[in-house]
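I have placed the structure first, in the form of C-alpha cells, so that the comments after it can refer back to it.
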Amino acid sequence: MERLGVTETFAGISLPGHLHTKESLHFATTFPFRDTDVLIVTYPKSGTTWMQEILTLLFSDGDAGPARTIPNWERAPWLEQTYFKEALRDTGGPRLITSHLPARVLAPALQRARPKVIYVARNPRDVAVSFYHFHRLAKFLPEPGSFDAFLGRFLEGSVQYGSWFEHVKGWLGQRQLLDIFYVTYEELHQDLPGAARRLGAFLGRAPSPETLRSLERHCSFAAMRDNAMANYSLIPREIMDHSRGRFMRKGVVGDWHEHFSPLQSALFDRVYREQMGGVALRAPWHVA
Ligand code: A3P
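Numbering (the working numbering), first residue to last: 136 to 423.
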C-alpha cells in the first residue's frame, strides 16, 4: 500500500503532512490557553494514549463511559493537528489537549496562561523500537527501512517529530516556568494507582479508591488493546495498515533488548551521554 508521502516542515522539524499544515501549526503556537486547560505533552511513542486514557478516567471519576464511547483523539485532541478546532470540546470544565510539539515553539503560548502540563517520558531505546514498528503500519510516516538505518536517524534527530533529546531537554527546561508534572512510562508500569494518585493531587482531583480501581482496570494494556476508542482500529487502512502491526503492540518495558545489537547499544549510549550529560533527569533507565 502506498505511503501518503506528504510532509510539513515547521521550526526545523518534519511532521506528517496529512495531519499538519502551516496554518494548524501556527494556530497551535498562538493558542489562547486557559488556566483550567490540561495539556499532555510527549515525544511520540512515550505513552501518550495511555495518559489520555488515565486522565479520561480521572476526570470521569472512574466512569468508563467516555473512554468506551469517544475516540481518544476527540477526548484529548492534538493541538497542532488540522482537526483540532472542530474537536476541542468546550464543556466549561478542564479541556484535555495533547501535543507532540517541542517546548521552544509551544512554551510562549503556555507561559501566557497557567495551564497544567503533563509530560510523559519513556526510555528512548524503547521509544525508538516502538516508533520503528509504528512506522511500518502508519502510512503517514515514511517507510522506515531497516531498524539499523532507522535508529541512526532517530539518534541524529532527523526522524519525523524531530530529536527525542531536544524534546526532553526542552520540556525539562520549562520546569521553573510552567506548571509541569513529569512522569515516565516506566513509573506508570510500575505503579499505576500511585502515579494516578500523584496526578490527581497535581490536578486538584484526588481520586477515590473506586475511581482508582476502575482506572486500573480500564487503563490496563489488555483493556486498551481491546477498546476500539483507544487502539486506533477505527483508523482506515489507507492511513494505518493494520495488517502490518497493531498500535497497541507490546506495551512492555525493555523491549529494546530484543532489538539492539551490542554495537547499536554502544552507539546509543555514546550519543545519549553526549546529548544528556549534565541534564538533571529523574529517569528509571540506565545508560552505560
Ligand atoms: P509499544 O509499541 O512498545 O507496545 P503513544 O501512545 O505515545 O504513541 O505510545 C504507544 C506505546 O504505548 C506503544 O508501545 C503502546 O503499546 C504503549 N501503550 C499504550 N497503552 C498502554 C498501556 N495501557 N500499558 C502499557 N503500554 C501501553
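C-beta atoms are modelled at their ideal positions from N, C-alpha and C, and glycine is treated no differently.
query: Using alpha carbons as the reference points, say which of E301, G335, S343 lies closest to G412.; result: E301
query: Within 10 angstroms of its Cβ, does Y427 collect 16 or more other Cβ (buried), or is it exposed?; result: The chain is shown only over 136 to 423; residue 427 falls outside these bounds and no answer can be derived.
query: If distances are taken between C-alpha atoms only, which option among F194, L193, A256, T204 comes closest to T183?; result: A256
query: Just to confirm my understanding: we take V294, look at its own chain, exclude 5 residues before and 5 after, and list those with CB closer than 6 Å. What are they?; result: R288
query: Tell me whether L323 is buried or exposed, calling it buried when 16 or more other Cβ atoms sit within 10 Å of its Cβ.; result: buried
query: CB I148 to CB Y296, shorter than 8 Å?; result: yes
query: Extract the residue ranges of the alpha helix (DSSP H) inside the stretch 286-316, only unbroken runs of 4 or more that lie entirely within it.; result: 299-307
query: Can you list, in chain order, the residues of its chain whose CB lies under 8 Å from that of L223, leaving out five sequence neighbours each side?; result: P212, R230, I232
query: Among all the DSSP beta bridges, which residues are the ones paired with E143?; result: L150
query: Does DSSP put K157 in a helix, a strand or coil?; result: helix
query: So the alpha helix (DSSP H) I189 belongs to, where does it begin and stop?; result: 183-194
query: Can you find a heavy atom of ligand 1 that lies under 7 Å from the Cβ of H270?; result: no
query: Do S181 and Q216 count as a contact pair if the criterion is CB distance below 8 Å?; result: no
query: Leaving out five residues before and five after V264 in sequence, what residues of the same chain have Cβ atoms less than 7 Å from its Cβ?; result: D390, W391, H394
query: Can you confirm whether the stretch 150-167 touches the stretch 235-245 when touching is taken to mean that 3 or more C-beta pairs between the two stretches lie within less than 8 Å?; result: yes
query: Could you say which of D314, I253, E137, L312 lies nearest to W185 if we only look at CA atoms?; result: I253
query: Whole angstroms are fine: how far does the CA of P277 sit from the CA of P151?; result: 9 Å
query: Considering only residues of the same chain and omitting the five flanking positions on each side of N258, which have a CB-CB separation below 6 Å?; result: W420
query: Spell out the partners DSSP gives I254 in its beta bridges.; result: Before going on, a small fix: residue 254 reads as Tyr here, not Ile. Bridge partners of Y254: V176, Y317.
query: Give every residue of the same chain whose Cβ lies closer than 7 Å to the Cβ of G380, excluding the five residues on either side of it in the sequence, and list them in chain order.; result: H268, R271, L272
query: What number of angstroms, rounded off, separates the C-alpha of G200 from the C-alpha of P397?; result: 46 Å
query: Only counting the same chain, and skipping five residues up and downstream in sequence, which positions put a Cβ closer than 6 Å to that of L313?; result: L245, V252
query: Tell me T204's beta-bridge partners as DSSP assigns them.; result: None, per the DSSP bridge assignment.
query: Exposed or buried, which one is P344 when buried takes at least 16 other CB atoms within 10 Å?; result: exposed
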